[in-house]
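Add 1 to the 1-based position in the sequence shown for the working numbering, that's all there is to it. Ideal Cβ positions, reconstructed from N, Cα and C, are used throughout, including at glycine.
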Amino acid sequence: MSINCLLNNCCASRSCSRVANPDCSVVANAANLSGNFSSDPFSNNPRTAYAAETYLADAHLADPRPKDECGVCGIFGHPYAAKINYFGLYSLQHRGQESAGIVASDGELMRQHKGMGLVPEVFSEEDLGRLVGSLAMGHVRYSTTGNSNIVNAQPFVATHQGATLAVAHNGNLVNIRTLRDELEKQGSIFQSTMDSEVVVHLMAHHLDLDLDQAIIETFRRIRGAYSMLLMTKDQLVAVRDPGGFRPLCLGQFNNGAYIVASETCALDLVEAQYIRDVHPGEILIIDNRGLRSLTLGHKQPRSFCIFEHVYFARPDSDIFGINVYQSRKRMGEILARECPLDADLVMPFPDSGNYAAIGYSQASGIPLEMGVIRNHYVGRTFIQPTQSMRDFSVRIKLNPIRSFLENKRVIIMEDSIIRGTTARSRISSLRGIGVKKIHMVISCPPTRHPCFYGIDFPTVDELVAHQKTVEEIRRYLDLDTLYYLSLDGLVEAIGAPAENFCKACFNGIYPVPPDLSFHKNALGCGGFTLPGEGKTE
Ligand code: SF4
Numbered sequence: 002m003s004i005n006c007l008l009n010n011c012c013a014s015r016s017c018s019r020v021a022n023p024d025c026s027v028v029a030n031a032a033n034l035s036g037n038f039s040s041d042p043f044s045n046n047p048r049t050a051y052a053a054e055t056y057l058a059d060a061h062l063a064d065p066r067p068k069d070e071c072g073v074c075g076i077f078g079h080p081y082a083a084k085i086n087y088f089g090l091y092s093l094q095h096r097g098q099e100s101a102g103i104v105a106s107d108g109e110l111m112r113q114h115k116g117m118g119l120v121p122e123v124f125s126e127e128d129l130g131r132l133v134g135s136l137a138m139g140h141v142r143y144s145t146t147g148n149s150n151i152v153n154a155q156p157f158v159a160t161h162q163g164a165t166l167a168v169a170h171n172g173n174l175v176n177i178r179t180l181r182d183e184l185e186k187q188g189s190i191f192q193s194t195m196d197s198e199v200v201v202h203l204m205a206h207h208l209d210l211d212l213d214q215a216i217i218e219t220f221r222r223i224r225g226a227y228s229m230l231l232m233t234k235d236q237l238v239a240v241r242d243p244g245g246f247r248p249l250c251l252g253q254f255n256n257g258a259y260i261v262a263s264e265t266c267a268l269d270l271v272e273a274q275y276i277r278d279v280h281p282g283e284i285l286i287i288d289n290r291g292l293r294s295l296t297l298g299h300k301q302p303r304s305f306c307i308f309e310h311v312y313f314a315r316p317d318s319d320i321f322g323i324n325v326y327q328s329r330k331r332m333g334e335i336l337a338r339e340c341p342l343d344a345d346l347v348m349p350f351p352d353s354g355n356y357a358a359i360g361y362s363q364a365s366g367i368p369l370e371m372g373v374i375r376n377h378y379v380g381r382t383f384i385q386p387t388q389s390m391r392d393f394s395v396r397i398k399l400n401p402i403r404s405f406l407e408n409k410r411v412i413i414m415e416d417s418i419i420r421g422t423t424a425r426s427r428i429s430s431l432r433g434i435g436v437k438k439i440h441m442v443i444s445c446p447p448t449r450h451p452c453f454y455g456i457d458f459p460t461v462d463e464l465v466a467h468q469k470t471v472e473e474i475r476r477y478l479d480l481d482t483l484y485y486l487s488l489d490g491l492v493e494a495i496g497a498p499a500e501n502f503c504k505a506c507f508n509g510i511y512p513v514p515p516d517l518s519f520h521k522n523a524l525g526c527g528g529f530t531l532p533g534e535g536k537t538e
């Protein structure tokens with residue numbers, strides 16, 4: 002069934018009322034707060050009411066650390082904009098699983114619906130039916146403990162002097178503390194701990210300018226990683242930071258409507274044609290006059306996040322113009338060259354390392370097997386917000402096939418080791434069923450430094466590769482061999498110039514100076530020197 006069939010079926014069964022419904026926040030006429038944007042009201046939907054209570058009980062304002070890793074999707078000029086957006090967010094679910102939201106506009110009223118949970122849990126058919134209009138913008142969000150609440154769910158919508166602005170952001174702003182302090186001294190009252198909220202407050206200071214200039218002036222102040230969508234009642238704006246940390250692409254439908262999304266896989270699902278990436282440092286404004294492009298004033302070297310190719314992006318997406326499936330497969334091929342091993346089989350722990358395992362197998366001639374079976378109804382452990390939840394999900398998630406693996410020499414392919422606790426538990430289960438030799442190869446270098454640009458790596462205290470040498474990690478994990486792909490090998494696998502990428506979590510060289518006070522423990526690392534790396538036997 003095509004996306005159009007789906008949409009037509011949906012539309013036939015929904016009530017397309019243009020009247021504001023109490024389950025859906027109508028924000029165009031929201032009351033103003035003197036001198037400040039008013040925050041969007043909570044949805045009245047009972048499925049999200051619990052989260053609003055959590056927010057009220059939370060002392061979250063004491064912990065303003067931004068912890069987003071998100072996906073964004075915007076549609077302009079499509080009669081089913083909100084429903085298309087829903088499917089777009091569905092494709093981007095891997096980028097954030099704790100909350101989802103869509104705001105839509107019919108040119109006069111902006112309506113929104115958001116809540117905690119996965120996209121299909123947050124939106125019912127009825128919810129989507131209320132989000133009328135040909136303009137819509139959506140967001141899926143991941144956060145960690147303390148910030149996982151409805152008030153931080155996006156899009157963030159605010160009204161000031163009759164003008165309503167919605168913001169959806171993927172990335173982290175590194176000068177958030179300075180900006181927030183400054184704005185609070187000027188009277189701004191923040192409603193969330195989201196770094197993205199500073200954008201609406203900064204925009205409020207430039208209401209005397211036209212939208213183009215207000216955006217340029219606002220983003221002139223902002224540093225860090227942002228692939229951001231802004232929406233008014235009749236315009237969709239896409240902004241990408243000058244380094245281009247996070248991906249953002251532009252596509253078009255047969256009817257001329259536009260889509261902007263974090264990854265190309267969202268375009269594939271809704272049958273939109275990929276046009277191009279939003280350029281680093283570009284402001285793309287889409288309205289009834291068409292599409293126009295502006296440039297942010299400040300420049301910086303390319304800083305594409307190399308970890309998008311290692312772990313985060315979907316393999317069917319083209320990220321920074323390169324297909325992720327193929328780059329991950331090449332990582333495995335290069336690992337086979339850098340670390341040739343003698344074994345009976347190579348296998349991934351599903352689903353991490355799948356494609357690199359294919360590459361290793363094909364390059365080495367060692368058979369690829371799926372020796373561990375995954376329970377598909379448990380989420381990715383990296384995404385879970387607490388350690389106890391992660392430990393529990395490791396135990397229930399994967400089951401090794403005892404009769405097949407017993408007495409075998411296996412190579413396990415992993416895409417990364419962050420804390421090491423998950424890998425340790427998995428390896429222990431293999432030892433327990435009598436696997437004879439366990440080699441582990443990792444399709445990236447040791448992750449030794451935290452990320453300040455939108456992927457919520459733990460602090461250095463929690464990063465096993467910051468605390469231990471490769472040999473110490475091998476012993477900690479109880480492996481016969483541990484080998485990490487070299488940084489040169491990783492760059493070769495992706496096939497773009499090394500200088501295009503941020504590699505800070507591997508080499509500690511941060512392209513935009515981070516605010517280390519957000520990660521106080523990072524200051525205690527004694528500089529960013531690298532402990533020994535390479536193959537150990
Ligand atoms: S530090 Fe690592 S995860 Fe963060 S943007 Fe840079 S490469 Fe990506």
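Verify the contact flag: residue i, CB atom, against every heavy atom of ligand 1, threshold strictly below 6 Å.
i, result
"residue 452", "yes"
"residue 71", "no"
"residue 308", "yes"
"residue 445", "no"
"residue 503", "yes"
"residue 246", "yes"
"residue 74", "no"
"residue 320", "no"
"residue 340", "no"
"residue 506", "yes"
"residue 495", "no"
"residue 323", "no"
"residue 374", "no"
"residue 287", "no"
"residue 1", "The structure shown has nothing for residue 1, since the chain only spans 2 to 538."
I need the DSSP call for residue i, collapsed to helix, strand or coil.
i, result
"residue 484", "strand"
"residue 138", "strand"
"residue 423", "helix"
"residue 408", "coil"
"residue 398", "helix"
"residue 279", "coil"
"residue 59", "With a pLDDT of 29 at residue 59, under the threshold of 50, the modelled position of this residue cannot be trusted, and the question is left open."
"residue 253", "strand"
"residue 452", "coil"
"residue 354", "coil"
"residue 340", "coil"
"residue 204", "helix"
"residue 105", "strand"
"residue 428", "helix"
"residue 349", "strand"
"residue 234", "coil"
"residue 213", "helix"
"residue 182", "helix"
"residue 467", "helix"
"residue 364", "helix"
"residue 274", "strand"
"residue 376", "coil"
"residue 297", "coil"
"residue 115", "strand"
"residue 439", "strand"
"residue 493", "helix"
"residue 264", "coil"
"residue 332", "helix"
Report back the beta-carbon spacing between residue i and residue j to the nearest angstrom; my notes put them in contact at under 8 Å.
i, j, result
"residue 458", "residue 448", "7 Å"
"residue 513", "residue 301", "7 Å"
"residue 250", "residue 279", "7 Å"
"residue 474", "residue 421", "6 Å"
"residue 262", "residue 123", "Not quite, the Cβ-Cβ distance comes to about 18 Å (not below 8 Å), so this is no contact."
"residue 329", "residue 444", "7 Å"
message = I want to know whether the region 403–415 touches the region 428–439 - three or more CB-CB distances under 8 Å.
response = yes
Would you call the region 272–286 in contact with the region 479–498, where contact means no fewer than 3 C-beta pairs closer than 8 Å? Not touching, per the Cβ criterion.
### Query
Any contact of the region 201–216 with the region 230–241, i.e. 3+ C-beta pairs under 8 Å?
yes
| said: With three or more beta-carbon pairs closer than 8 Å as the criterion, would you say the region 488–503 touches the region 318–336? | reply: yes
* Asked: With a cut-off of 8 Å, do at least 3 Cβ pairs link the region 94–112 to the region 133–143?
  -> yes
Check your understanding: Touching or not, the region 163–172 and the region 187–198, by the rule of three or more beta carbon pairs under 8 Å?
Key -> yes
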